[in-house]
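Trainee: Residue 274 in numbering that gives the first Met the number 0 sits at position 275 of the sequence shown, with consecutive numbering throughout.
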Amino acid sequence: MKDEYTYATVNGTSATMCVHGEIGTDVIGKDFAAELTRLESNGVTDITVRIMSGGGSVIHGLAIFSAILNSKAAITTVNDGLAASSAGWIFLAGTNAVMADYSLLMLHNPSSPSQDPKTNEVLTYMRNSILTIFKKRTGVDIAVLSEMMNKETWMDAEEAVAYGFATGIQETALLVELNPNAQTVNEMYAICNAVLPKNEAVPMNEETLPEVAEETTDVVVTNEAAEAPEAPEAAIVAETPAEEVAAPVEAETAPEAVVDEEKQSLIQTNAELVTKLAALETALNSFKQAEADKQKEAAAKLANELVANAVAVGKIANDATATWTDLALNNYSLAKSTLDALKLNRAGVDILNVAKGSPAAQVAAKNLRQLEKENPKEVARLLKDEPGVYNELYFNSYGKYPA
0 MKDEYTYATV
10 NGTSATMCVH
20 GEIGTDVIGK
30 DFAAELTRLE
40 SNGVTDITVR
50 IMSGGGSVIH
60 GLAIFSAILN
70 SKAAITTVND
80 GLAASSAGWI
90 FLAGTNAVMA
100 DYSLLMLHNP
110 SSPSQDPKTN
120 EVLTYMRNSI
130 LTIFKKRTGV
140 DIAVLSEMMN
150 KETWMDAEEA
160 VAYGFATGIQ
170 ETALLVELNP
180 NAQTVNEMYA
190 ICNAVLPKNE
200 AVPMNEETLP
210 EVAEETTDVV
220 VTNEAAEAPE
230 APEAAIVAET
240 PAEEVAAPVE
250 AETAPEAVVD
260 EEKQSLIQTN
270 AELVTKLAAL
280 ETALNSFKQA
290 EADKQKEAAA
300 KLANELVANA
310 VAVGKIANDA
320 TATWTDLALN
330 NYSLAKSTLD
340 ALKLNRAGVD
350 ILNVAKGSPA
360 AQVAAKNLRQ
370 LEKENPKEVA
380 RLLKDEPGVY
390 NELYFNSYGK
400 YPA
């Protein structure tokens with residue numbers, strides 16, 4: 000049976016994977032990683048990862064980044080329009096990172112709506128690790144990178160190449176105008192998404208999947224080796240002594256060794272990040288559980304005090320404690336406002352505490368249904384003037400308080 004993929008389109012030993020949409024929602028980190036592993040086991044050796052995302056979950060982004068970085072396949076990442084936030088550093092995971100000529104890259108600090116210390120500790124470590132990854136990939140000074148992340152930096156294709164975040168630019172015939180100062184991320188995403196089906200560089204199915212060579216023909220690689228004029232190979236060999244011929248060969252292979260060393264360094268940094276994050280996540284979960292237990296204990300204390308005070312002043316009967324406590328635990332503000340609305344009066348206290356011979360006690364001893372039959376006007380008066388007495392009568396008759 001033919002393998003089915005969620006993110007990949009396969010053509011022989013080549014494949015294209017898409018990171019399109021919100022990371023963690025449209026693209027699930029562990030699923031992407033598993034699919035990439037399956038591609039490798041099925042003999043795929045060349046993979047293009049096309050990115051068009053405004054970012055999303057940092058944890059899911061880390062899983063995707065790790066999968067690409069540790070893959071045995073030759074992986075090229077391509078920014079199809081937007082590679083922002085966590086999608087921005089996923090873009091950097093490829094051995095080659097290519098920007099469409101109209102695309103934008105955005106870097107900023109990882110963030111979370113939570114303000115608890117453990118979450119902030121995780122985010123700080125992640126930020127420092129991302130900075131290290133950026134530094135190793137680009138060679139840009141940490142202080143400069145830190146400032147770029149602090150102020151949220153947008154780069155076009157040429158700027159991304161100049162800073163070392165991208166290795167090349169893919170020329171297109173598309174007229175796309177993106178302006179992060181005037182457009183939201185969602186608006187820019189919609190603009191790019193609208194043109195993607197027209198872009199032949201983005202395969203929609205196996206029939207339109209281009210060969211790898213075709214994808215690289217219009218990529219402008221910005222490095223000195225690519226720009227330097229080619230020397231006649233035969234002339235070099237003829238004019239160079241045999242013992243010196245080995246030197247140019249070593250020079251030619253050196254860049255590959257450098258790239259491999261750089262990748263291994265990135266893999267090591269990423270592995271350390273994953274290990275540290277796992278430990279911090281465990282600590283964070285323990286911290287959150289402890290905080291939840293404290294909040295639960297505090298809520299129980301407030302509920303018990305509220306109900307105990309209401310019983311003490313005669314607003315509710317002692318045997319109604321459990322019912323009111325449950326209400327206070329589930330909705331403290333509702334329980335408090337309801338109890339506050341019960342008028343505290345002498346008749347209401349007497350109905351719970353005085354001898355059976357008192358008039359108020361005699362009223363309380365009656366069944367509400369019986370009282371409604373014998374004296375409906377008294378029931379109406381109690382409901383209006385002495386709601387505390389009426390509520391106790393209602394509870395004694397029906398086992399609950401009126402809504």
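Cβ atoms here follow ideal geometry from the backbone N, Cα and C, with glycine treated the same way.
How close, in whole Å, do the beta carbons of alanine 165 and alanine 172 come, if the pair is a contact with beta carbons under 8 Å?
Mentor: Contact flag wrong, Cβ pair sits at about 20 Å.
Trainee: Between which two residues does the beta strand (DSSP E) holding glycine 167 run?
Mentor: Segment 167–169, the beta strand (DSSP E) holding glycine 167.
Trainee: Count the other CB atoms within 10 Å of the CB of proline 401; is the residue buried (16 or more) or exposed (fewer)?
Mentor: Answer is exposed; the Cβ neighbour count stays below 16.
Trainee: Out of curiosity, what's the CA-to-CA distance linking glutamate 3 and isoleucine 67?
Mentor: Rounded to whole angstroms, glutamate 3 to isoleucine 67 spans 20 Å at the Cα level.
Trainee: When burial is assigned at 16 or more other CB atoms within 10 Å of the CB, is alanine 309 buried or exposed?
Mentor: Answer is buried; the Cβ neighbour count reaches 16.
Trainee: Can you give the Cα-Cα distance for glutamate 199 and tyrosine 124, rounded to whole angstroms?
Mentor: Residue confidence for glutamate 199 is low, a pLDDT of 39 falling below 50, so the modelled location carries little weight and cannot support an answer.
Trainee: Is the distance from the Cβ of valine 18 to the Cβ of valine 43 below 9 Å?
Mentor: No, the Cβ-Cβ distance between valine 18 and valine 43 is not below 9 Å.
Trainee: Does the Cβ-Cβ distance between arginine 37 and threonine 15 come in under 9 Å?
Mentor: Taking 9 Å as the Cβ cut-off, arginine 37 and threonine 15 do not qualify as a contacting pair.
Trainee: So, for glutamate 407: in the same chain, excluding its five sequence neighbours on each side, which residues have a beta-carbon less than 6 Å away from its beta-carbon?
Mentor: Residue numbering for the chain in the displayed model covers 0 to 402; residue 407 lies beyond these limits and cannot be assessed.
Trainee: Since threonine 47 sits in a beta bridge, which residues does DSSP pair it with?
Mentor: Looking at the DSSP assignment, threonine 47 forms a beta bridge with Thr15 and Thr75.
Trainee: Between Glu371, Asp45, Val97 and Asp79, which lies nearest to alanine 73 when the distance is taken from Cα to Cα?
Mentor: For alanine 73, the nearest C-alpha among the options comes from Asp45.
Trainee: What are the start and end residues of the alpha helix (DSSP H) that includes leucine 61?
Mentor: Its alpha helix (DSSP H) spans residues 57–69.
Trainee: What first and last residue would you give for the alpha helix (DSSP H) that runs through asparagine 95?
Mentor: Here asparagine 95 belongs to no alpha helix (DSSP H); instead the beta strand (DSSP E) covers 95–99.
Trainee: Identify the residues that DSSP records as bridge partners of valine 26: which are they?
Mentor: Answer is Ile22.
Trainee: Quick check on isoleucine 89: buried or exposed, where buried means 16 or more other Cβ atoms within 10 Å of its Cβ?
Mentor: Classification for isoleucine 89: buried.
Trainee: Assuming the contact rule is C-beta atoms closer than 8 Å, serine 84 and methionine 105 should be a hit. Round their C-beta distance to whole Å, please.
Mentor: Correct: roughly 6 Å between the Cβ atoms.
Trainee: Are the C-beta atoms of lysine 295 and some chain D residue less than 9 Å apart?
Mentor: In the structure shown, chain D does not exist; there is a single protein chain.
Trainee: For leucine 38, name the three-state secondary structure that DSSP assigns.
Mentor: Note: leucine 38 maps to helix in three-state DSSP.
Trainee: Just the C-alpha distance for alanine 86 and serine 40, rounded to the nearest angstrom, thanks.
Mentor: Using only the alpha carbons, I get a separation of about 26 Å.
Trainee: Along the chain, where does the beta strand (DSSP E) containing asparagine 10 start, and where does it finish?
Mentor: Asparagine 10 -> beta strand (DSSP E) spans 7–10.
Trainee: Answer with buried or exposed for leucine 338, where buried requires no fewer than 16 other C-beta atoms within 10 angstroms of its C-beta.
Mentor: By the neighbour-count rule (16 or more Cβ atoms within 10 Å), leucine 338 is buried.
Trainee: For a test of the three-state rule: what should DSSP assign to leucine 338, helix, strand or coil?
Mentor: DSSP places leucine 338 in helix when its eight states are reduced to three.
Trainee: With distances taken Cα to Cα, identify the nearest neighbour of tryptophan 153 among Val194, Asp140, Gln182 and Arg136.
Mentor: For the residues Val194, Asp140, Gln182 and Arg136, the minimum Cα distance to tryptophan 153 belongs to Gln182.
Trainee: Between the beta-carbon of valine 139 and the beta-carbon of glycine 163, is there less than 9 Å?
Mentor: The answer is yes: Cβ separation under 9 Å.
Trainee: For methionine 154, which residues does DSSP report across the bridge?
Mentor: Note: methionine 154 sits in a beta bridge opposite Leu104.
Trainee: If you measure between the beta carbons of alanine 327 and alanine 302, is that distance less than 9 Å?
Mentor: Yes, the Cβ-Cβ distance between alanine 327 and alanine 302 is below 9 Å.
Trainee: Would you tell me roughly how many angstroms separate the C-alpha atoms of asparagine 127 and aspartate 325, rounded to the nearest one?
Mentor: Distance between the alpha carbons of asparagine 127 and aspartate 325 is about 47 Å.
Trainee: Looking at glycine 60: is its Cβ nearer than 9 Å to the Cβ of glycine 93?
Mentor: No, these two residues do not count as a Cβ contact at 9 Å.
Trainee: What's the gap between the Cα of isoleucine 47 and the Cα of alanine 32?
Mentor: Note on identity: in this sequence residue 47 is threonine, with isoleucine being the wrong assignment. Computed Cα separation, rounded: 14 Å.
Trainee: Using three-state DSSP, classify valine 310 as helix, strand or coil.
Mentor: Looking at valine 310 - three-state DSSP - the assignment turns out to be helix.
Trainee: Using only the alpha-carbon positions, how far apart do lysine 71 and serine 65 sit?
Mentor: Cα to Cα, the separation comes out at about 12 Å.
Trainee: When the Cα atoms are used, what is the spatial distance from leucine 382 to lysine 295?
Mentor: One C-alpha to the other measures close to 35 Å.
Trainee: Could you give the C-beta distance for aspartate 30 and threonine 5, rounded to a whole number, given that I count them as a contact under 8 Å?
Mentor: Confirmed, Cβ separation roughly 6 Å.
Trainee: What residue range is occupied by the uninterrupted alpha helix (DSSP H) comprising glutamine 369?
Mentor: That run of the alpha helix (DSSP H) goes 367–373.
Trainee: Output the boundary residues of the alpha helix (DSSP H) element that contains glycine 387.
Mentor: Looking at the DSSP string, the run of the alpha helix (DSSP H) that includes glycine 387 is 386–397.
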